[in-house]
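What follows is a short report on a single structure.
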Amino acid sequence: MVKKSLSFTLIIFLVLAISNIFANNLYVIIDKNLPSYYENIDISKELSNIFSDVPEKTVRIVHVVGIQKETYSYKVNEFVPDREGTYVYHKGSYYYTSSKAMYKYDSNKKIYVPDPYGLYVYLSDYPWARKEEEKYIISSFYRRYEKYITETSYYIALYITDIDVEKIFVKSVTPIITSGDSFSEALKSTGRLYRENPNNYSPYKVDVAVIFDEKFDKTQRMYILKELQKDTRYNIYDRLYLNELFKTIAFEDLFGKGVFLQFKPPKYMITFENYVERTEKVRSERYYFFENDVNGGYIKKSAIGYYTDVPVRVEIGRYYSYDSKNKTYVLDMEKGNYVRYYGGPWEKETYTSAYGFYDYILTTVDILEMYTGFLLKVFDTERGTLIGSYSISKNYSTALKEPKDRFGSESASSEYLSKIWSYSNNARYVASYIQKLFPLISMVSSVSDGMVTLSSGENIGIKQGYVFQIIDNGYTSGYVKIDKVFENKSSATALYLIPYEKIYPNTLALETKNYPQITGITFQLFLKDNGFGMASGFTNFDIYGNYYWGILFGAGIEITYEVLEDFYPYMYLEYYNPIFSNLSLFGRFGGKYIELEDIWEIFAESGVRFTSYLRDSIFSPGGTGVYTDVGFGVYFRNEIKIKPAVSFGIEMRF
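Residue numbers 174 to 827, in this note's numbering, belong to the letters of the sequence shown in order.
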């Protein structure tokens with residue numbers, strides 16, 4: 174009698190427990206190596222609230238598999254306004270000054286005079302100022318403070334598994350890895366990420382099972398699944414994870430004895446194997462350069478044989494010009510564009526163009542070196558054939574802490590975030606490869622005024638921005654780009670049409686990553702009777718790749734052959750418009766600089782252009798050709814001249 178009562182009580186308990194689960198439709202489990210409370214937060218309670226919107230006839234299992242906390246610190250320099258400060262702000266940075274006076278500009282005497290309410294300060298240590306007046310700048314005074322900042326990041330990893338109660342069928346398994354400045358923030362973002370990238374089961378999607386080697390890193394595994402789930406073109410399941418899940422929670426406890434999880438036989442299987450990962454910290458000595466056009470004492474030069482720049486000391490505060498007659502450099506503080514640097518004994522000239530000055534810091538930094546490698550294979554389970562394989566072998570390097578300004582402020586990188594960034598990057602490579610193996614396929618249902626409607630949408634995983642190749646009787650007729658996606662249809666705009674072709678209903682639409690890219694860029698190189706030049710600009714194409722009008726900006730050099738050292742730069746703006754496929758009208762307006770007279774000669778040219786331009790193929794609007802311009806020009810300087818305008822060149826269109 175006692176045994177019967179106990180058995181009856183146990184049955185009632187199980188029924189109530191199972192009924193409670195199905196009533197709530199939500200079950201939160203936490204790996205045994207993780208705490209149930211963290212940072213004074215009841216994890217189960219919080220996740221139950223976040224993922225409470227469980228669909229009808231569905232059991233949702235939220236499985237927490239990882240919690241990580243990372244703290245790191247770094248040094249920063251802050252500048253705050255202070256009348257007694259010793260720094261001023263100029264050209265995007267702060268500089269020390271010994272002067273505390275304020276000035277105003279006396280426009281009558283054309284000098285700066287002391288004024289406690291003036292806008293100007295005197296930047297005393299400004300040797301690169303070309304004249305004394307440049308040392309007076311508009312600025313407040315600042316005081317520099319040095320402090321250390323400590324940052325803490327929290328990371329949480331979990332799976333969301335939805336199971337159809339009636340069919341005992343896994344609808345989806347969604348991995349989520351997220352972070353936050355607090356543990357509470359990290360928890361809340363799990364729900365947002367889950368809802369941003371839903372991947373609902375659909376019988377029209379490709380059924381794929383993924384199998385990972387047991388040695389495969391669990392975090393890398395989650396990122397691969399996460400990236401594949403974002404694609405939404407698959408019904409995808411990680412069989413290894415499901416086995417692990419139902420070792421953690423007994424399946425019988427959820428659905429009772431004699432009930433088994435149903436799996437739809439996958440059409441494809443992806444295996445991941447031969448996983449290798451190496452992570453180590455190394456120390457490296459590096460140069461860090463910071464612009465300082467006020468009192469910087471160095472320029473950068475490339476080190477021969479090394480992929481780095483090295484500092485080269487210059488003579489501070491002295492500009493030079495080149496005297497072509499005496500073939501020497503002379504001091505010229507006002508207009509000089511050269512500086513002298515302290516070169517090696519093998520260098521004949523120790524002058525170089527002054528493009529900018531720098532300070533530098535040579536320091537040893539910690540580098541996190543990471544290597545990841547693995548092999549994936551894709552099988553057709555119905556045919557039992559290998560349809561593709563892809564090898565990942567990637568090296569990543571991250572400086573964990575490095576200087577970011579002249580004052581020694583630091584930027585710091587999270588070690589854990591650097592690792593998961595590498596995992597995420599690897600996952601994108603995987604997703605990109607697999608996506609090419611499983612292009613989406615649909616049909617054109619209707620065409621109206623350049624708008625194309627496809628007979629599929631979210632039900633097969635179509636997303637906005639996807640491009641489809643339209644195929645009619647085995648031949649490509651054009652390409653369309655998805656604008657809007659609905660549950661069972663999509664609307665698209667014609668992106669490119671094969672010449673003389675049209676898009677018709679009931680034709681095949683095949684997703685593609687390779688399609689004509691019409692940029693409308695034209696580039697020209699040309700020779701004239703007295704010089705040479707180049708031009709580039711925009712050409713207007715139609716949807717068939719035929720070009721219409723265009724605008725070019727050109728520049729060139731005109732040479733006087735009697736005295737080869739005399740050359741004149743010129744610039745122009747051109748408009749052209751085709752009459753026929755190989756004949757265009759052009760008109761250009763520009764100017765030529767006459768240095769000896771320090772004036773611009775204005776000109777206008779017009780004529781016709783004959784070109785041999787041909788498209789590379791019907792699938793490309795771009796091509797190349799040679800051309801000849803024949804016309805006349807009107808030139809305005811001291812008098813008006815009319816001369817022939819003839820040029821020969823090569824043009825490329827993209």
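A virtual CB, placed ideally from N, CA and C, is assigned to each residue, including glycine.
Restricted to the segment 706-764, the beta strand (DSSP E) segments that are unbroken, complete and at least 3 residues in length are 720-732, 740-753, listed in chain order. In the same chain as Phe356, and ignoring 5 residues on each side of it, the C-beta atoms closer than 7 angstroms to its own belong to Tyr211, Glu212, Ile214, Tyr327, in chain order. Beta-carbon to beta-carbon, Val381 and Tyr414 are separated by about 14 angstroms, too far to satisfy the 8 angstroms threshold.
Between Ser497 and Ile540, the C-beta gap is not smaller than 9 angstroms, which leaves the two residues out of contact. Secondary structure of Glu824 (DSSP, three-state): strand.
Annotated as proximal: Gly760 and Tyr748, with beta-carbon spacing under 9 angstroms.
Each residue's CA atom was taken as its position, placing Val512 and Gly258 some 33 angstroms apart.
Short of 7 angstroms from the beta carbon of Tyr245, and not among the five residues preceding or following it, lie these beta carbons of its own chain, in chain order: Glu324, Ala585, Ser587.
The Cβ atoms of Ala667 and Gly693 lie no closer than 9 angstroms to each other.
If you compare the alpha carbons of Glu660, Lys500, Ala604, Thr270 with that of Arg394, the shortest gap goes to Ala604. Nearest neighbour of Leu207 by Cα position, chosen from Lys242, Ser221, Asn222, Pro348, turns out to be Lys242. DSSP assignment within the segment 582-631 yields the following whole alpha helix (DSSP H) runs of 4 residues or more, N-terminal first: 588-610. Here Pro289 has Met275 as same chain residues with Cβ atoms under 6 angstroms from its own Cβ, once five neighbours each way along the sequence are excluded. According to DSSP, Val235 shares a beta bridge with Val201, Ile333.
Residue burial is scored here from C-beta neighbours: Glu507 has fewer than 16 other C-beta atoms within 10 angstroms and is therefore classed as exposed.
DSSP places Tyr396 within a helical segment (H, G or I) once states are collapsed to three.
Judged by pairs of C-beta atoms under 8 angstroms, the segment 489-496 touches the segment 284-301, as three or more such pairs exist. Shown here, Phe224 sits in coil according to DSSP, grouped into three states, outside any helix or strand.
Relative to Asp386, the option among Ser562, Val338, Ile443, Thr334 whose CA is nearest is Ile443. Ranked by Cα distance from Ile422, the options Val807, Thr685, Asn679, Val201 are led by Val201. Following the DSSP letters along the chain, one finds Leu292 in no alpha helix (DSSP H), marked with neither H nor E. Beta bridge pairing from DSSP links Asp380 with Asn408.
When only Cα atoms are considered, Gly470 and Leu698 end up about 41 angstroms apart.
With fewer than 16 other Cβ atoms from the protein chains shown falling within 10 Å of its own Cβ, Thr481 counts as exposed. Residue state for Lys521 is assigned as coil, using DSSP reduced to three classes. In terms of Cβ geometry, Ala818 and Ser757 do not form a close pair [threshold 9 angstroms].
Measuring C-alpha to C-alpha distances from Gly581 to each of Arg317, Lys218, Phe776 identifies Arg317 as the nearest.
From the listed residues Glu464, Tyr448, Val383, Lys567, the smallest Cα separation to Asp532 is found for Glu464. With fewer than 16 other Cβ atoms inside 10 Å of its own Cβ, Phe659 counts as exposed. In the DSSP assignment, Pro794 is bridged to no other residue.
For Thr784, the enclosing beta strand (DSSP E) stretches over residues 772-784. Annotation: Arg303 is outside any beta strand (DSSP E) and is labelled neither H nor E by DSSP. For Lys574, the enclosing beta strand (DSSP E) has its first and last residue at 574-576. Contact check for Ile333 against Arg412 fails: the beta carbons are separated by 9 angstroms or more.
The C-beta separation of Pro672 from Tyr717 comes to about 5 angstroms, placing the pair in contact by the 8 angstroms criterion. Around the beta carbon of Ser621, fewer than 16 other beta carbons sit within 10 angstroms, so the residue counts as exposed.
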